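> Numbers given in my numbering equal positions in the sequence shown, counted from 1, plus 4. C-beta atoms are modelled at their ideal positions from N, C-alpha and C, and glycine is treated no differently. All of these numbers come straight from a predicted model, not from anything done at the bench.
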Amino acid sequence: MTDHYGNPLLEQRKLLSHDAFVERTDQRVFEVNGPDAKSWLHSLLSQNIMNLKDGQSAEALLLTPQGRIEHQLKIIATEAGVSIITAADHLEPLIAWLRKMVFRSKVEITERADLKVIGGFFIREGLCWIDKFDGEPVGSVRYAANRAEFPYREYLLEDAPTDLVPSGLLAYEALRISVGRPEIKDVDDRSLPHEFDWLSSAVHLSKGCYRGQEAVAKVHNLGRPPRRLIILNLEQGDVLASKDDKVFYQEKEVGKVVAGALHYETGSLALALVNRNTPYLDLFIESGSFRVSAMQEVLVPHDAGKAADLPRPAAFKLTGRK
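#1: Would you call the CB atoms of D138 and R157 closer than 8 Å?
#2: What residue range is occupied by the uninterrupted beta strand (DSSP E) comprising S50?
#3: Give the straight-line distance between the Cα atoms of E177 and P315, rounded to the nearest whole angstrom.
#4: Straight-line CA distance for F200 to G85?
#5: Kindly give me the distance between the Cβ atoms of R280 and L196, rounded to whole angstroms, as I take these residues to be in contact under 8 Å.
#6: Rank A81, N52, K120 by C-alpha distance to the C-alpha of P39 and give the top, closest one.
#7: Would the stretch 208-228 and the stretch 258-277 be scored as touching if the rule is three or more Cβ pairs under 8 Å?
#8: Starting from K222, trace the alpha helix (DSSP H) both ways and give me its first and last residue.
#9: Which value, in whole angstroms, describes the spacing of the CA atoms of E96 and D249?
#10: For K211, which residues from the same chain have a beta carbon less than 6 Å from its beta carbon, with the 5 sequence-adjacent residues on both sides left out?
#11: Can you give me the start and stop residues for the beta strand (DSSP E) that K250 sits inside?
#12: Using the rule of at least 16 other Cβ atoms within 10 Å of the residue's Cβ for burial, across every protein chain shown, is D193 buried or exposed?
#13: Over what stretch of residues does the alpha helix (DSSP H) that includes Y176 continue unbroken?
#14: Could you tell me the boundaries of the beta strand (DSSP E) in which A81 lies?
#15: Taking only the alpha-carbon atoms, compute the straight-line gap between E255 and I181 and give it to the nearest angstrom.
#16: Measure the C-alpha to C-alpha separation of G10 and R28 and round it to an integer number of angstroms.
#17: Taking buried to mean at least 16 other C-beta atoms within 10 Å of its own C-beta, is D167 buried or exposed?
#18: Determine the burial state of R128: buried for a count of at least 16 other Cβ atoms within 10 Å of its Cβ, exposed for fewer.
#19: By how many angstroms is the C-alpha of C132 removed from the C-alpha of A24?
#20: I'd like to confirm the pairing. Which residues does DSSP put opposite L287 in its beta bridges?
#21: Straight-line CA distance for V142 to P186?
#22: So is W202 buried or exposed if we call it buried at 16+ other beta carbons inside 10 Å?
#23: Per DSSP, Q31 is paired with what?
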């Protein structure tokens with residue numbers, strides 16, 4: 005796994021100018037082929053993939069029955085079924101679980117160790133997953149008031165491109181953090197799609213039953229996600245936030261860092277999950293033995309959810325709970 009090729013900041017610029025690629029060695033590819041491939045996966049995943057045509061792509065999540073995030077799947081429709089990109093450390097448990105769920109369905113699951121996942125912002129022919137996190141939601145909803153452009157793609161290739169220069173994973177990390185793009189490595193064992201605004205690209209709110217659907221609908225329509233994703237701009241550019249660093253408002257711990265990076269324009273950045281009612285004010289990150297101040301950029305607002313806007317029960321009104 006290559007973090008960088010000497011200058012991660014320059015590599016970020018080259019990625020954005022379409023002059024570089026990043027080999028996603030942290031991801032793997034497998035296929036689900038057969039007559040029932042789409043309908044079978046459709047019944048298990050959070051996304052509507054039934055109408056994907058050959059070459060089209062989508063993002064989906066595999067959830068627990070309680071609506072917690074287990075796996076992230078990047079799906080590309082093919083003539084024989086679908087190709088799927090997922091995190092390398094999730095591949096074996098994901099495939100093992102899927103094989104247990106086959107039953108009488110006419111599907112075949114095959115790992116494709118011969119294919120590389122090549123990411124970037126360049127456009128060319130080939131089997132490609134297009135990131136739609138910055139696009140308009142289809143059959144779902146976005147909580148964020150606005151979202152920065154992120155026209156990222158991932159190609160399935162046997163060999164890396166020879167007409168582009170390589171960049172490392174640190175460059176990609178900085179770019180995706182700067183726009184608030186979540187990945188499976190950011191979640192913990194109680195993460196909900198709502199907390200990351202993942203409903204906008206990976207959850208279809210009108211599709212039929214799937215594992216975790218009831219919990220997803222309940223939080224979106226009747227409740228609010230307990231945590232919310234934010235971007236933090238650290239005031240000290242020489243301090244790099246690390247995963248699981250604690251986040252404070254004044255002297256109260258309100259959350260944790262899920263990813264940190266150094267951006268070529270905006271300096272030291274972090275993605276953090278904080279409690280829903282954390283004020284929209286500057287926060288502190290506890291990095292090592294000292295704290296550094298950080299400006300908060302709201303991604304998921306504190307009032308996300310409760311889309312049904314139903315009258316509150318009298319018992320709740322008496323307690324004053326929100």
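A quick look at the data gives this:
#1: No, Cβ-Cβ distance for D138 and R157 is not below 8 Å.
#2: Taken as a continuous stretch (DSSP letters only), S50 belongs to no beta strand (DSSP E), as it is neither H nor E.
#3: Their Cα atoms are separated by approximately 43 Å.
#4: Approximately 29 Å, taken between the alpha carbons.
#5: That belief does not hold up - the Cβ atoms of R280 and L196 are roughly 11 Å apart, past 8 Å.
#6: Answer by Cα proximity: A81.
#7: Contact fails: fewer than three Cβ-Cβ distances are below 8 Å.
#8: From DSSP, the alpha helix (DSSP H) with K222 extends over 217-225.
#9: When only Cα atoms are considered, E96 and D249 end up about 29 Å apart.
#10: Only residues of its own chain outside the window of five on either side were considered, and among them N52 have a CB closer than 6 Å to the CB of K211, listed in chain order.
#11: Counting along the chain, the beta strand (DSSP E) containing K250 begins and ends at 250-253.
#12: Exposed: under 16 other Cβ atoms inside 10 Å.
#13: Taken as a continuous stretch (DSSP letters only), the alpha helix (DSSP H) holding Y176 covers 173-182.
#14: Segment 73-81, the beta strand (DSSP E) holding A81.
#15: Computed Cα separation, rounded: 26 Å.
#16: Using only the alpha carbons, I get a separation of about 17 Å.
#17: So D167 ends up on the exposed side.
#18: Taking every protein chain shown into account, the CB of R128 has fewer than 16 other CB atoms within 10 angstroms, so this residue is exposed.
#19: Looking at the backbone, the Cα of A24 and that of C132 are separated by about 16 Å.
#20: Paired residue(s): A298.
#21: About 18 Å.
#22: In the assembly as shown, W202 is a buried residue. Its beta-carbon has 16 or more other beta-carbons within 10 Å.
#23: Answer is A91.
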